[in-house]
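Colleague: Pasting in a structure now, in structure tokens, and then I'll have a few things to ask.
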Amino acid sequence: EYIYNNLSLPDVTRPAVNQNYHPPLHYLISAAWLKVQTLLAGSEFYACAVENIQILTLFYSSAAMLVSRSLFRLLGLKGRGLMAVVAFHPSFIILAGSVNNDMLSVLFSLLSVLAAVRWYREPTLPRILCVALAVGLGMMTKLSVAMVAPAIAVLFAVKFFQSRAFKRLIGQFAAFAAVCF
984 EYIYNNLSLP DVTRPAVNQN YHPPLHYLIS AAWLKVQTLL AGSEFYACAV ENIQILTLFY
1044 SSAAMLVSRS LFRLLGLKGR GLMAVVAFHP SFIILAGSVN NDMLSVLFSL LSVLAAVRWY
1104 REPTLPRILC VALAVGLGMM TKLSVAMVAP AIAVLFAVKF FQSRAFKRLI GQFAAFAAVC
1164 F
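See the structure below:
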């Protein structure tokens, strides 16, 4: 709401503005979503527009299911039961109706893993930049996305020691660090 009203991030020294410890990406997207709605429908639509922030988290939840399906296919996991577990998992249902940054962080975590597996299969610079972008945007959403970093680091290390193209991989890792951090 602060971002919507002031078109800027809150000053961290303001005692009346809460939750300055959250990374801003979800809140920037939500403020932009509110702006679009109130510009199209008028400012009297504001209360409904705030409720419609749930549309964003519903979209994130739906996208996470599609990313899960891509990840299952990439890993060769088959069966409708896997998608049923994802589609009917209570966390996806509950977070789809929330207005906080949790569902977007789950989406970026899944995207990070998917991009990392794709990079592992074919280690190219564009693919590692996708991993870096997913992790970086995830960290701009919620810091707990950093929990995927150890798994991604293991993939990087395994590929590094399996490969003979050490210089090329070191260059990719440097590009990853530059984009991600």
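Counting from 984, one number per residue, gives the positions in the sequence shown under the numbering used here. Yeah, the Cβ is synthetic: ideal placement off N, Cα and C, and Gly gets one too.
#1: Mind reading off the beta-carbon distance from F1075 to A1047? Whole number of angstroms is fine, and I expect it under 8 Å.
#2: Less than 8 Å between the CB atoms is what I'm expecting for T1040 and S1081, so what's the real figure, rounded?
#3: Helix, strand or coil for P1007, going by three-state DSSP, please let me know.
#4: Measure the C-alpha to C-alpha separation of S1013 and S991 and round it to an integer number of angstroms.
#5: Rank N1084, Q1155, C1031, F1028 by C-alpha distance to the C-alpha of L1011 and give the top, closest one.
#6: Tell me where the alpha helix (DSSP H) around K1142 begins and ends.
#7: Among the residues of its own chain, which have a CB less than 6 Å from the CB of A1117, if the five just before and after it don't count?
#8: Residues in the same chain with beta-carbon distance under 8 Å from A1158, minus the five sequence neighbours each way, listed in chain order, please.
#9: Where does the unbroken alpha helix (DSSP H) through V1118 begin, and where does it stop?
Modeller: On the basis of the coordinates in this document:
#1: Looking up residue 1075 in the sequence shown gives position 92. Looking up residue 1047 in the sequence shown gives position 64. The pair is a contact, with the Cβ atoms about 7 Å apart (cut-off 8 Å).
#2: As a working mapping, residue 1040 is identified with position 57 in the sequence shown. As a working mapping, residue 1081 is identified with position 98 in the sequence shown. The pair is a contact, with the Cβ atoms about 5 Å apart (cut-off 8 Å).
#3: What you label residue 1007 is simply residue 24 of the sequence shown in a count that begins at 1. Three-state result, P1007: coil.
#4: Mapped onto the sequence shown, residue 1013 falls at position 30. Mapped onto the sequence shown, residue 991 falls at position 8. Spanning the two alpha carbons is a distance of roughly 13 Å.
#5: One-based indexing of the sequence shown puts residue 1011 at position 28. Checking every option, the nearest Cα to that of L1011 belongs to N1084.
#6: Along the sequence shown, read from residue 1 onward, the residue named residue 1142 stands at position 159. Element bounds for K1142: 1132-1145.
#7: As a working mapping, residue 1117 is identified with position 134 in the sequence shown. Answer for A1117: F1091, L1094, S1095, A1098, listed in chain order.
#8: Taking the first residue of the sequence shown as 1, we reach residue 1158 at position 175. Contacts found: L1108, I1111, L1112, A1115.
#9: Indexing the sequence shown from 1 puts residue 1118 at position 135. 1108-1124 is the extent of the alpha helix (DSSP H) around V1118.
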